[in-house]
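First to last, the sequence lines map onto chains B, E and P. Sequential numbering of the first sequence, starting at 19, is according to my numbering. Sequential numbering of the second sequence, starting at 76, is according to my numbering. Sequential numbering of the third sequence, starting at 71, is according to my numbering. From the three backbone atoms N, C-alpha and C, an ideal C-beta is built for every residue, glycine too. Accompanying notes for the structure given below.
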Amino acid sequence: MKPILLETRGLCVNYGRVEAIHKVGIRIRQGEIVTVIGPNGAGKTTLLSALMGLLPARGEVSYQDQSVLGTLSVDALVAKGLVLVPEKRELFGSMSVADNLLLGAFARHRRGDRDHAKTLDEVYAIFPRLAERRKQEAGTLSGGERQMLAMGRALMAKPTLLMLDEPSLGLAPLIVKEILRIVVQLKGMGVSILLVEQNARAALQVADYAYVLENGSVAVENSARALLHDPRVIESYLGLGGSHSIAA
Amino acid sequence: MDSAVALLLAQDGFTNGAIYALLSLALVLVFAVTRVIFIPQGEYVAYGALTMAAVVTGQLPPTMWLVVTLGIAVAIVDGVVAVREGAKSRLPLIIVKNAVLPIAAMVVVRLLPLKELSYPLQVLVALAFVVPLGPQVYRLAFQPVAEASVLLLLIVSVAVHFMMVGMGLYFFGAEGARIPPFTEGGLTLGATFIQYQTIWIVGIAALLIAGLALFFEHSIYGKALRATAINRTGARLMGISADLAGKLCFTLAALVGAFSGILIAPITTVYYDTGFLIGLKGFVGAIIGGLVSYPLAAAGSILVGLLESYSSFYASAYKEVIVFTLIIPVLLYQSLTTKHVDDEDEH
Amino acid sequence: MAAYLTPNRALIGFVLALGLIPLLAGQFTVTIVNYIGLYALVALGLVLLTGIGGLTSFGQAAFVGLGAYATAYLTTRHGMSPWGTLIVGMAVTTAISLALGFITLRLSGHFLPLGTIAWGISLYFIFGNLQALGGHGGIDGIPSVDLFGLDLGNSRAFFYIIWATLLAAIVTTQNMLDSREGRAMRCLRAMTMTEAMGINTLRYRMVLFMIAAQFACVSGWLYAHLQRFVNPTPFSLGQGIEYLFMAVLGGAATVWGAVFGASAVSMLKEYLQDWLPKLLGATGNFENVVFGLLTIIVLHRARDGVWPILMRVFASTVAQRDAARSVEPALPLPKRDVPERGSDVLQVINVTKRFGGLVANNKMNLTVRAGEVMALIGPNGAGKSTLFNCISGVNPPTEGEIRFMGQRIEQLGSREIAKLGMSRSFQHVRLNQDMTVLENAAIGAHLRGRKNFVQSAWRLDREEERRLLWEAAHQLQRCGLGEHLFDTCGSLPLGKQRIVEIARALCSDPTLLLLDEPAAGLRHLEKKALADLLDKLRGEGMAILLVEHDMDFVMGLADRVLVMEFGEFLAEGLPREIQTNPKVLEAYLGGVDE
Chain B
19 MKPILLETRG LCVNYGRVEA IHKVGIRIRQ GEIVTVIGPN GAGKTTLLSA
69 LMGLLPARGE VSYQDQSVLG TLSVDALVAK GLVLVPEKRE LFGSMSVADN
119 LLLGAFARHR RGDRDHAKTL DEVYAIFPRL AERRKQEAGT LSGGERQMLA
169 MGRALMAKPT LLMLDEPSLG LAPLIVKEIL RIVVQLKGMG VSILLVEQNA
219 RAALQVADYA YVLENGSVAV ENSARALLHD PRVIESYLGL GGSHSIAA
Chain E
76 MDSAVALLLA QDGFTNGAIY ALLSLALVLV FAVTRVIFIP QGEYVAYGAL
126 TMAAVVTGQL PPTMWLVVTL GIAVAIVDGV VAVREGAKSR LPLIIVKNAV
176 LPIAAMVVVR LLPLKELSYP LQVLVALAFV VPLGPQVYRL AFQPVAEASV
226 LLLLIVSVAV HFMMVGMGLY FFGAEGARIP PFTEGGLTLG ATFIQYQTIW
276 IVGIAALLIA GLALFFEHSI YGKALRATAI NRTGARLMGI SADLAGKLCF
326 TLAALVGAFS GILIAPITTV YYDTGFLIGL KGFVGAIIGG LVSYPLAAAG
376 SILVGLLESY SSFYASAYKE VIVFTLIIPV LLYQSLTTKH VDDEDEH
Chain P
71 MAAYLTPNRA LIGFVLALGL IPLLAGQFTV TIVNYIGLYA LVALGLVLLT
121 GIGGLTSFGQ AAFVGLGAYA TAYLTTRHGM SPWGTLIVGM AVTTAISLAL
171 GFITLRLSGH FLPLGTIAWG ISLYFIFGNL QALGGHGGID GIPSVDLFGL
221 DLGNSRAFFY IIWATLLAAI VTTQNMLDSR EGRAMRCLRA MTMTEAMGIN
271 TLRYRMVLFM IAAQFACVSG WLYAHLQRFV NPTPFSLGQG IEYLFMAVLG
321 GAATVWGAVF GASAVSMLKE YLQDWLPKLL GATGNFENVV FGLLTIIVLH
371 RARDGVWPIL MRVFASTVAQ RDAARSVEPA LPLPKRDVPE RGSDVLQVIN
421 VTKRFGGLVA NNKMNLTVRA GEVMALIGPN GAGKSTLFNC ISGVNPPTEG
471 EIRFMGQRIE QLGSREIAKL GMSRSFQHVR LNQDMTVLEN AAIGAHLRGR
521 KNFVQSAWRL DREEERRLLW EAAHQLQRCG LGEHLFDTCG SLPLGKQRIV
571 EIARALCSDP TLLLLDEPAA GLRHLEKKAL ADLLDKLRGE GMAILLVEHD
621 MDFVMGLADR VLVMEFGEFL AEGLPREIQT NPKVLEAYLG GVDE
């Protein structure tokens, strides 16, 4: 078994008095793609925000054998190689693609690692489209290119664990396919990945292990291959089960 | 008015306008990055000028105890946070950087023959005891409420202004001061006489503006500040912490302010409360730029300088009224061209 | 016994004690308390502006100056009666505050304070330089005020005028806030929601700024006749800032915070000016340093000021006000005509919405009929909320046509659309967390009332107010929130807050109800109750359009379902058809081949 990179135990997040995440326990091993799937509103984005230190949370989170919850700030986590590509991409719209990428290396630059030219070449090799558009403003990119830029910018930080929040959001199927191919390629380069997706089938096809989040708790977990044909997944999405239908 | 007077007034207008332009750039920067409307900007002008005035006469910088006190306060606040986060290893660095360094600087400056130092070194000494007040003020007054509304930050800003003016009276007294010009004399150009200091002011202001532009366009820290202004969350996720960005731009604002003070002190007497009006005129320039556009803010500031200079000739008693009334048509124009405001929706 | 100390008794005690001051206290105390009254009146205006409206002004001292100089100039130079000059001062104040408000209030919230800084400085220099106003020397010889033949020349007699004015201002302010227009004022910060309830937010921001300016102007008038002399000094920007400190330190969201803040700042200043120079052995504006520091600490530690903290400490000893714990029955409000069942209420025709180059909605079509629940579903980012915002006028479409009850509405603002009988809830709950559930719901009935803030200040709105609250209580009861009427919204779980949003929408007597994720965060039984309620509304002929992710809920309730993906139409049909539609399955679960 590969060593554990990140693990949560009993993680809870509240919005006011409402618990958005309830006692979530997930585990990511080095070099794996782990996916968290589930319908909208299940708490997937909340989970990532809590892991990144963007939201106050209770419970335990250990990353690289260190307890990080509430002790490390966002920039400290980024410096330790935990990098999030958020659902909304959060690009620097009026700056060039090249500047967006450069700022991805900000945390490394601060620690004195000035070797980002090499990483930049690697990112351009993964996303040739970005190289073509390096001088263009990020705000003028198409949806798929924005997602590529967001991922490329995160890769500039040389992540150990890359967390992707709904990379397929709003993208056409062909582009989704391309993005997921790159996710697999990154795994091959040794980056561990936590992939949060609503597009369950796509995510399960590339992942090693999967958690299904429903109403803020882990409803099902198993190897991705096993979950791919599990009827419970479909049920949690489209309510076909009908066993607890609401109105007549 | 004959053309000689007109030229003289234009010269005055450009000189003051250059200073307002510098301040307006700092104000736009601080607002864009931290959402703080930095009312105390002008106090840094007064502190810079009056500290310089003390140094050239061989007195110790009056603000040094303030820098040391605030430094210790920052060390305590940061230290408590570090201990609470279980990062005691950071303590030595926190103490050295915030408390030991200012104390060491204070000791060194006591040993220096301040009066005999060369002019540039005197400038450096004055800046060394004013500029740290920028990041210190950010850390103590603004960082704890960095996520609050613009309105709350504005009230904190006004409170800081009140405190700094009050302390300014204590440090520098009610007497105004002037400092010797960088270079005595001037040159005659056609019908007008131009003081060398005027050339220094416009030249250095232009250089500083160019320097700031280079910093924002070409250094990674400058880009990080721009990125924070564009997308706070995005910047945070890249490890650009809001605290770092805030401290950085407050340092720049303090530097710009203090240096502006040193530039104008040879041509105008600066009092402990002079800075406020100067800073506010920078604000008028910044507002002309809608608090977001650097070039418009700079151009607006030159306009303010010229307007002030000509109105002091025609109606000197009302020059402040005329300058501040300028923002009314500007705001009216912005108001009529803005479609919809929804920035204050609560979270 | 603690329970004997009710708020009303505390107030009576306070007024009695106050009334004795001029009879018993020394001149020094009378003077200080007089000034506290004058300051508190200005601070009260700032409480309205800052605490209620989320705006602020540094120029209140200039309005005080306006009131003072208006009477000083007109009484000494033109022999006008002080009562006449009061009216002139207030008229000028109205004009100036409306002009300043018109210029700055459409812009972001921070342009008003910046504008008032400029205004404060300008007016100060005008006072100091206009020879007609005595320049920096000022104007003296202002006559005393005479009330029904009673000369109020001495400061002990004038004390009663000052405090009667202040108490009247406090009472009318409280009355105003506890009314239809007052509730609108208290919700100004949630602008999108307030506009969607048909409320003109710009108007209320103007009104608040104007009232604050009037209070300052009256304070200035009183000051001039107390001092019988004016010069520019007390009307400087610095004093304007001090007024703001009073409001912030006391508690910008509470009426009594103004009185507390004014008292605390005046008394502290009195002592600090004496003691600090002795303590520090030097001269300086140390009291300013202390006030600045206090303000920063309060804003760091207690953003609502000191007064609410004191109230919490005393809450255990002061019996709760229980008068407002029941809703009086009243006549029902008039209702709109219900359209014929099955007729088209809403038609969306070829609507496209672009944000820059991004097409969020592409040629969308949809119809909602009276007595029908239409559900809009689709994966995250499909453009459902965008379409909702197009329909409700929050963000108008780029192209296409929207008809509501036969009328074109695609270019109307959300306020006008609300008037036509469309009401909505929001995906992210937009309630005033500090107001009660009843008050929040009553916001929805805003358009069904007519009485304005002046009428409510003098309690001439009570009949209408009873009918509005009765309607709100009725709708809340229907939604199953009858037991929470007097709880603050912030104390309810998020799911119930969503139901409050629905009740609020129902209070407007809508023809069409737009619900954005109403079932999110609800427990199983609550969902069932919500489904029953919506079913009942449908039975009454209401048209309902809802966006929802809970498929059990949608499929069990909706008559028809429309599915969107990538901002485009994907499928439409009966719930059963949609659940087995392979295209829908693929949209939700993804279809990347193996």
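Option in the options with minimal Cα separation from residue i
i      : options                           : result
B:G99  : B:S186, B:L212, B:L148 and B:E155 : B:L212
E:K322 : E:G88, E:T126 and E:V149          : E:V149
P:F636 : P:A657, P:G565, P:L307 and P:Y194 : P:A657
E:L141 : E:R110, E:Q211 and E:Y95          : E:Q211
P:A286 : P:S167, P:I367, P:V215 and P:T242 : P:S167
P:A599 : P:F623, P:F330 and P:L517         : P:F623
P:P378 : P:V633, P:A323, P:L349 and P:A138 : P:A323
P:L184 : E:F358, E:L378 and E:L411         : E:F358
P:R226 : P:L88, P:I173 and P:F195          : P:L88
P:M263 : P:L655, P:A589 and P:I572         : P:I572
E:V277 : E:S78, E:V80, E:A85 and E:P195    : E:A85
B:A75  : B:G111, B:V36 and B:G161          : B:V36
P:V507 : P:W540, P:I487 and P:G483         : P:W540
P:N450 : B:S241, B:M70, B:V214 and B:Y227  : B:V214
Whole-number beta carbon distance between residue j and residue i, since they are thought to touch under 8 Å
i      : j      : result
P:T163 : P:L136 : 6 Å
B:A38  : B:L109 : At roughly 26 Å, the Cβ-Cβ gap does not stay under 8 Å, so B:A38 and B:L109 are not in contact.
P:L584 : P:L615 : 5 Å
P:S493 : P:V617 : Their Cβ separation, rounded to whole angstroms, is 15 Å, which puts P:S493 and P:V617 out of contact at 8 Å.
C-alpha distance - residue i paired with residue j, whole-angstrom precision
i      : j      : result
P:Y143 : P:I472 : 59 Å
P:R371 : P:L319 : 11 Å
B:I264 : P:A628 : Unreliable positioning characterises B:I264 in this predicted model, as indicated by a pLDDT of 35, which lies under 50. A coordinate reading is not provided.
P:A34  : P:F496 : The shown model of chain P, from 71 to 664, leaves out residue 34 of chain P, and the question about it has no answer.
P:V288 : P:A239 : 10 Å
E:D153 : P:S249 : 47 Å
P:F474 : B:R47  : 55 Å
B:L187 : P:I461 : 24 Å
P:E664 : B:S235 : With a pLDDT of 40 at P:E664, under the threshold of 50, the modelled position of this residue cannot be trusted, and the question is left open.
Identity of the residues DSSP links to residue i by a beta bridge
i      : result
P:A613 : P:E442 and P:L582
B:Q84  : B:Y81
B:I51  : B:I211
P:Y506 : It is worth fixing the name first, because residue 506 of chain P is Thr in this sequence and not Tyr. Per DSSP, P:T558.
B:V42  : B:L29
Minimum Cβ-Cβ distance from residue i to chain E less than 9 Å
i      : result
B:L72  : yes
B:V36  : no
P:S192 : yes
P:G219 : no
P:F51  : What is shown of chain P runs 71 to 664, which leaves residue 51 of chain P out entirely.
P:P304 : no
Contact with chain B by residue i, beta-carbon distance below 9 Å
i      : result
E:R311 : yes
P:Y658 : yes
E:L330 : no
E:T308 : yes
Short CB-CB distance (under 9 Å) between residue i and chain P
i      : result
B:P57  : yes
B:I46  : no
E:F237 : yes
E:Q409 : yes
B:E184 : yes
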